[in-house]
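The structure appears below as structure tokens.
There are 4 protein chains.
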Amino acid sequence: MKIPAGVPVTTWRVRVGYVDTDQAHVVHHSTYLRYLEAARVEYLREHGLDYRSFELDQRLALPVVEVRLRYKLPARFDDLLELKTWVAAVNRAKLRFDTLIFRGDELLNHAEISLCCIDVVAQRICSMPASLLALAPRS
Amino acid sequence: MKIPAGVPVTTWRVRVGYVDTDQAHVVHHSTYLRYLEAARVEYLREHGLDYRSFELDQRLALPVVEVRLRYKLPARFDDLLELKTWVAAVNRAKLRFDTLIFRGDELLNHAEISLCCIDVVAQRICSMPASLLALAPRS
Amino acid sequence: MKIPAGVPVTTWRVRVGYVDTDQAHVVHHSTYLRYLEAARVEYLREHGLDYRSFELDQRLALPVVEVRLRYKLPARFDDLLELKTWVAAVNRAKLRFDTLIFRGDELLNHAEISLCCIDVVAQRICSMPASLLALAPRS
Amino acid sequence: MKIPAGVPVTTWRVRVGYVDTDQAHVVHHSTYLRYLEAARVEYLREHGLDYRSFELDQRLALPVVEVRLRYKLPARFDDLLELKTWVAAVNRAKLRFDTLIFRGDELLNHAEISLCCIDVVAQRICSMPASLLALAPRS
Numbered sequence: 001m002k003i004p005a006g007v008p009v010t011t012w013r014v015r016v017g018y019v020d021t022d023q024a025h026v027v028h029h030s031t032y033l034r035y036l037e038a039a040r041v042e043y044l045r046e047h048g049l050d051y052r053s054f055e056l057d058q059r060l061a062l063p064v065v066e067v068r069l070r071y072k073l074p075a076r077f078d079d080l081l082e083l084k085t086w087v088a089a090v091n092r093a094k095l096r097f098d099t100l101i102f103r104g105d106e107l108l109n110h111a112e113i114s115l116c117c118i119d120v121v122a123q124r125i126c127s128m129p130a131s132l133l134a135l136a137p138r139s
Numbered sequence: 140m141k142i143p144a145g146v147p148v149t150t151w152r153v154r155v156g157y158v159d160t161d162q163a164h165v166v167h168h169s170t171y172l173r174y175l176e177a178a179r180v181e182y183l184r185e186h187g188l189d190y191r192s193f194e195l196d197q198r199l200a201l202p203v204v205e206v207r208l209r210y211k212l213p214a215r216f217d218d219l220l221e222l223k224t225w226v227a228a229v230n231r232a233k234l235r236f237d238t239l240i241f242r243g244d245e246l247l248n249h250a251e252i253s254l255c256c257i258d259v260v261a262q263r264i265c266s267m268p269a270s271l272l273a274l275a276p277r278s
Numbered sequence: 279m280k281i282p283a284g285v286p287v288t289t290w291r292v293r294v295g296y297v298d299t300d301q302a303h304v305v306h307h308s309t310y311l312r313y314l315e316a317a318r319v320e321y322l323r324e325h326g327l328d329y330r331s332f333e334l335d336q337r338l339a340l341p342v343v344e345v346r347l348r349y350k351l352p353a354r355f356d357d358l359l360e361l362k363t364w365v366a367a368v369n370r371a372k373l374r375f376d377t378l379i380f381r382g383d384e385l386l387n388h389a390e391i392s393l394c395c396i397d398v399v400a401q402r403i404c405s406m407p408a409s410l411l412a413l414a415p416r417s
Numbered sequence: 418m419k420i421p422a423g424v425p426v427t428t429w430r431v432r433v434g435y436v437d438t439d440q441a442h443v444v445h446h447s448t449y450l451r452y453l454e455a456a457r458v459e460y461l462r463e464h465g466l467d468y469r470s471f472e473l474d475q476r477l478a479l480p481v482v483e484v485r486l487r488y489k490l491p492a493r494f495d496d497l498l499e500l501k502t503w504v505a506a507v508n509r510a511k512l513r514f515d516t517l518i519f520r521g522d523e524l525l526n527h528a529e530i531s532l533c534c535i536d537v538v539a540q541r542i543c544s545m546p547a548s549l550l551a552l553a554p555r556s
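Residue numbers (this note's numbering), protein chains in the order written: chain A, 1 to 139; chain Y, 140 to 278; chain P, 279 to 417; chain C, 418 to 556.
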């Protein structure tokens, strides 16, 4: 997995907490889903979409429908990690964010997270709104 | 802290997960708040109060307003823990649950968790309903 | 994804905690990795392998190298979930557990979790030991 | 609880994640223990003590022995919080950090967290080292 040429990439940084580790002295594999979620929220903010008001005002939400993570190298307590996130694909049914997680130059993990859009009031799947379709990578 | 004579006590058991540990090879101190919450939900269920319908149907909720935890001995991965929970005090303003956490005969932790009652619709503090005042320990 | 005919399946049950939910009123997508881990530990225990002593005595560990999760339906607070787990594949390099997560008859999620084996002392990848190769599904 | 005059205070900021919320639409009460831990690590770093090397090189650790939290106002998704942390007391047996958690000018929570010192190799309580005794507030 590589960052495609020309796509906008958002970098989000996090310092690994003690609570994020487990007794194997590495970051627990579930922790990355927390980090990835925060990175997507920052991606959206950088592109003019405030996820809080997306839910509260537009009454739409973006639940996760598929997760694919590959773990290459472990992160450790107090490491500074960089998550580089871009939109890999978007259509009316799905929005997929890809992320590479780095510690300095080392690539630790790959992630592909797919979201659908739901109408919070009707509690039903709906089409991605134009504001999200506009995030489609140019070819 | 001891279990007062004559109070109803609910015992809830949990097996420590790998994710619950940290790199000190013990259960992370924040994990116990998850366990304690589940123990309170079971206490209420044993006393005829389903917390899900308390929120959904009665539109009341019991947020935590104070936590006091004393950690005596660490728990470790795969330990079987027993949480013994009772109502230490209740009045119109507050409901306090006390819990002792055991591994076999060893007392690991003490907890005192105080809750208030809020009206979910009004988003305002309200009086404890009769169903909770009825949990008052007899003297 | 279906449970293959003839494979041993371990069922592990969990009641959804309040802390497991998020403000969308459903179980947060990261929570399932906690549940899945506990289900794998029980699978191993049912097959005579105590994961605690695997790490402490044999000085081996099974870190997660790949996660694939598909979320079909949301779980909610206080739901009772059943995780049905089996070994989908194992060779010297990898052990893959598949899990279906049910609420009663409803299938909520699919999971495929791949683990490798590491020598804890050398901090190096090693071959799966015979005790794990023996979990291979019969064809 | 107020910040005592003249004590050094470390400010640590965090943006509330979606995963940090629960179905009451507020930050779950257990989440603050994660935030408080990160704030203490930054306090120590600002005072020349790297907690990672404290464990790895000095072979000492600072487990939590007592937690006291009072929750005044809820935090919500995407809020920016400020944790103001200082050393309230330290002696050979205990180190106590106090923290006030703010959202802008609003005080949300109070926390008092007490730690002891253990010798990691001997797995035994030991005296606070001079580097920590030096954090004592001046009177």
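Idealized CB from N, CA, C, for every residue including glycine.
It should be emphasised that the depicted structure is a prediction, and the values quoted were computed from it without experimental measurement.
With contacts defined as CB atoms closer than 8 Å, proline 491(C) and valine 443(C) qualify as a contacting pair. If you check the CB distance, arginine 485(C) and arginine 235(Y) do not come in under 8 Å. For tyrosine 190(Y), no Cβ of chain C is located within less than 8 Å of the residue's own Cβ. Less than 8 Å divides the Cβ of leucine 33(A) from the Cβ of histidine 307(P). Rounded to whole angstroms, glutamate 205(Y) and aspartate 522(C) show a C-alpha spacing of 21 Å. Contacts with chain P (Cβ-Cβ distance below 7 Å) from the region 428–447 of chain C involve Tyr435, Val436, Thr438, Asp439, Gln440, His442, His445 and Ser447, listed in chain order. Annotation for phenylalanine 380(P): the continuous beta strand (DSSP E) segment containing it runs 373–381. Interface flag for phenylalanine 241(Y) against chain A is unset, since no Cβ pair is found closer than 8 Å. Ranked by Cα distance from alanine 269(Y), the options Ile252(Y), Val229(Y), Leu246(Y) and Leu239(Y) are led by Val229(Y). Annotated as distal: valine 436(C) and aspartate 328(P), with beta-carbon spacing of 8 Å or more.
Those residues of the region 453–466 of chain C placed with their C-beta closer than 8 Å to a C-beta in chain A are Glu454, Ala455 and Val458, ordered along the chain.
Taken in chain order, the members of the region 471–500 of chain C whose beta-carbon sits within less than 9 Å of a beta-carbon on chain Y are Glu472, Ala478, Pro480, Val481, Val482, Glu483, Val484, Arg485, Leu486, Arg487, Tyr488, Lys489 and Pro491.
The continuous beta strand (DSSP E) containing serine 114(A) extends over residues 106–115. When rounded, the separation of the alpha-carbon atoms in leucine 80(A) and valine 14(A) is 6 Å. Just so you know, the alpha carbons of glutamate 333(P) and proline 202(Y) end up roughly 39 Å apart. DSSP places aspartate 196(Y) outside both helix and strand once states are collapsed to three, so it counts as coil. When DSSP assignments are scanned along the region 152–207 of chain Y, the uninterrupted stretches of alpha helix (DSSP H) that are 4 or more residues long and fall wholly within it turn out to be 170–185 and 190–195. Spatial neighbours of valine 155(Y) in its own chain (CB-CB distance under 7 Å, excluding positions within 5 residues in sequence) are listed in chain order as Val166, Ala214, Arg215, Phe216, Asp217, Asp218 and Leu220. Secondary structure note for alanine 130(A): it is in no beta strand (DSSP E), and the uninterrupted alpha helix (DSSP H) holding it is 130–133. Within 10 angstroms of the beta-carbon of aspartate 376(P) lie 16 or more other beta-carbons, which makes it buried. Listed along the chain, the chain A residues whose CB falls inside 8 Å of the CB of leucine 311(P) are His29, Ser30 and Leu33.
By the neighbour-count criterion, in which a residue is buried when 16 or more other Cβ atoms sit within 10 angstroms of its Cβ, isoleucine 530(C) is buried. The alpha-carbon separation between leucine 107(A) and leucine 83(A) amounts to approximately 10 Å. Distances from the CA of arginine 184(Y) to each of Trp225(Y), Gln262(Y), Lys211(Y) and Cys255(Y) were compared; the closest alpha carbon is that of Trp225(Y).
Beta-bridge partners assigned by DSSP to lysine 84(A): Thr11(A) and Leu100(A). Taking every protein chain shown into account, the CB of isoleucine 518(C) has 16 or more other CB atoms within 10 angstroms, so this residue is buried. One Cα belongs to isoleucine 281(P), the other to tyrosine 321(P), and the distance between them is close to 15 Å. For the pair glycine 423(C) and arginine 555(C), the CB atoms are nearer than the 8 Å cut-off.
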